[in-house]
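Visitor: Handing you this structure, nothing more for now.
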Amino acid sequence: MRKSTEAHWTRFWRERAAIEDVYPTEGRVVEQILDAGEVQGKRILEVGAGSGRDSVALAEAGAIAVLLDYSTASLEVAREVAARAGRPVHRVRADALRMPFRDGAFHVVFHQGLLEHFRDPMPLLRENVRVLGRGGILLVDVPQRFHMYTVLKHFLIAVGKWFAGWETEFTIDELERLMREAGVTVTRRYGSWMVPGLFYRSL
1035 MRKSTEAHWT
1045 RFWRERAAIE
1055 DVYPTEGRVV
1065 EQILDAGEVQ
1075 GKRILEVGAG
1085 SGRDSVALAE
1095 AGAIAVLLDY
1105 STASLEVARE
1115 VAARAGRPVH
1125 RVRADALRMP
1135 FRDGAFHVVF
1145 HQGLLEHFRD
1155 PMPLLRENVR
1165 VLGRGGILLV
1175 DVPQRFHMYT
1185 VLKHFLIAVG
1195 KWFAGWETEF
1205 TIDELERLMR
1215 EAGVTVTRRY
1225 GSWMVPGLFY
1235 RSL
């Protein structure tokens, strides 16, 4: 059974080209969080942080940003991104299913491009909810199902060329159902399209 592993992500981040060529800077996640309320002095956790660009942008808006990833290569990229921006962030290497934080530790928890790599997404969502404070915000951003990207992605997975090993996708209704099952009150839905650098993803 194909799956997404730490080795896939270590290779991806160590062999990365320019981050903007792989994941264009669209800013939709940061925009959604800032639109939901003031982040000055708020504790914000990005799970599966990757380059940490969104967390750095939120730190620029005054947030206390914590980046969690299980890939040391990812966290090194995040360190470089934060250093170039001159913004302090806290980097934590840990498993997203067993995060080393107390219950209710954060005002905002978010991830982009993470949930789709879990065959059972519920343990991840429940762990997100555990570390989120009462009245906090959980933002989950995933690939949409109905797009040519999905067809090409599944072809690359089938021939063993997908950069992350395995990945699924969701309709917005499926994602909302999962969020409600995890105990979240859904207050906002949005959709847009980020065009990935499929050349890099197929390596």
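In the working numbering, the protein residues as written are 1035 to 1237.
Yeah, the Cβ is synthetic: ideal placement off N, Cα and C, and Gly gets one too.
Indicate whether at least one CB of chain D lies closer than 8 Å to the CB of residue 1095.
Guide: Looking for chain D here will not work: only one protein chain is present.
Visitor: Whole angstroms is fine: what's the gap from residue 1095's alpha carbon to residue 1077's?
Guide: The residue you call residue 1095 lines up with position 61 of the sequence shown. The residue you call residue 1077 lines up with position 43 of the sequence shown. Residue 1095 and residue 1077: Cα-Cα distance of roughly 12 Å.
Visitor: Does the structure place the region 1083–1100 close enough to the region 1113–1132 that three or more beta carbon pairs sit under 8 Å?
Guide: The region 1113–1132 is in contact with the region 1083–1100.
Visitor: Return the CA-CA distance between residue 1159 and residue 1213, expressed in angstroms with no decimal places.
Guide: Within the sequence shown, the letter at position 125 stands for residue 1159. Within the sequence shown, the letter at position 179 stands for residue 1213. Each residue's Cα considered, the two are about 7 Å apart.
Visitor: Span of the beta strand (DSSP E) holding residue 1218?
Guide: On the sequence shown, residue 1218 is found 184 positions in, with the first residue counted as 1. Element bounds for residue 1218: n/a, residue is neither H nor E.
Visitor: Please say whether residue 1155 and residue 1149 have beta carbons closer to each other than 8 Å?
Guide: Position 115 of the sequence shown, counted from the start, is the residue given in the question as residue 1149. Position 121 of the sequence shown, counted from the start, is the residue given in the question as residue 1155. Yes, they are a contact pair.
Visitor: Can you tell me where the alpha helix (DSSP H) with residue 1088 in it begins and where it stops?
Guide: Here residue 1088 is taken as the residue at index 54 of the sequence shown, counted from 1. Per DSSP, residue 1088 belongs to the alpha helix (DSSP H) from 1087–1094.
Visitor: Taking the continuous alpha helix (DSSP H) assigned at residue 1294, which residues delimit it?
Guide: In the structure displayed, the chain extends from 1035 to 1237; residue 1294 sits before or after that span and is not available.
Visitor: Quick one: residues in its chain with C-beta nearer than 6 Å to the C-beta of residue 1119, no 5 flanking neighbours on either side, listed in chain order?
Guide: Stepping through the sequence shown from its first residue, residue 1119 is reached at position 85. So the list reads 1090, once near-sequence residues are dropped.
Visitor: What does a CB cutoff of less than 7 Å around residue 1221 pick up in its chain, not counting 5 residues either side in sequence?
Guide: To locate residue 1221, count along the sequence shown from 1; it is residue 187. Here the set comprises nothing.
Visitor: Given this structure, state the Cα-to-Cα distance separating residue 1062 from residue 1069, to the nearest angstrom.
Guide: Against the sequence shown, residue 1062 aligns to sequence position 28. Against the sequence shown, residue 1069 aligns to sequence position 35. So the two alpha carbons sit approximately 10 Å from each other.
Visitor: Please classify residue 1137 as buried or exposed, where buried requires at least 16 neighbouring CB atoms within 10 angstroms.
Guide: As a first step, residue 1137 is located in the sequence shown; it is residue number 103 there, counting from the start. Residue 1137 should be labelled exposed.
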